[in-house]
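> According to UniProt numbering, the sequence shown is numbered sequentially starting from 1.
Every residue gets a Cβ at the ideal spot worked out from N, C-alpha and C, and that includes glycine.
On a predicted model such as this, the values are computed, not experimentally measured, just so you know.
The structure's right below; bear with me while I get my questions together.
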Amino acid sequence: MDKLFSIKRTIMAQHKMKKKTTLPPGTKHKSMKKSKAKPVGAPKKGVSAILPPKKQTAVNNSKVTSEVSRLINRKNEEMIRTIADKQQGRKPKN
């Protein structure tokens with residue numbers, strides 16, 4: 001009796017069964033349409049794309065400023081390394 005009860009319990013649903021719906025006759029199925037390509041315009045707000053300037057002088061100025069900042073950063077890193085090496089008691093490389 002115990003075995004029979006457990007079998008019936010697994011077969012019977014304990015909640016309402018979902019009914020599979022079908023389309024009424026005469027209606028068409030939805031088609032998967034391809035999305036249209038969006039036109040490329042101005043960049044959207046919040047996009048961090050760096051747009052290059054159109055004027056050649058501005059291009060040259062940006063190159064010079066980036067080179068100067070690179071040089072300054074390199075010198076600062078060397079200075080910090082030498083100070084840290086002195087504090088740690090390391091010998092400088094020659």
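Could you have a look at M79 and say whether DSSP puts it in helix, strand or coil?
Helix, per DSSP.
> In whole angstroms, give me the CA-to-CA distance for Q87 and I80.
Rounded to whole angstroms, Q87 to I80 spans 11 angstroms at the Cα level.
> Quick check: the Cα distance between K30 and S62, rounded to an integer number of angstroms?
Cα to Cα, the separation comes out at about 54 angstroms.
> Look at the alpha carbon of T22 and the alpha carbon of G41, and state the distance between them as a whole number of angstroms.
If you take the alpha carbons of T22 and G41, they lie about 43 angstroms apart.
> Give me the Cα-Cα distance between N76 and I83, rounded to the nearest whole angstrom.
Cα-Cα distance, rounded: 11 angstroms.
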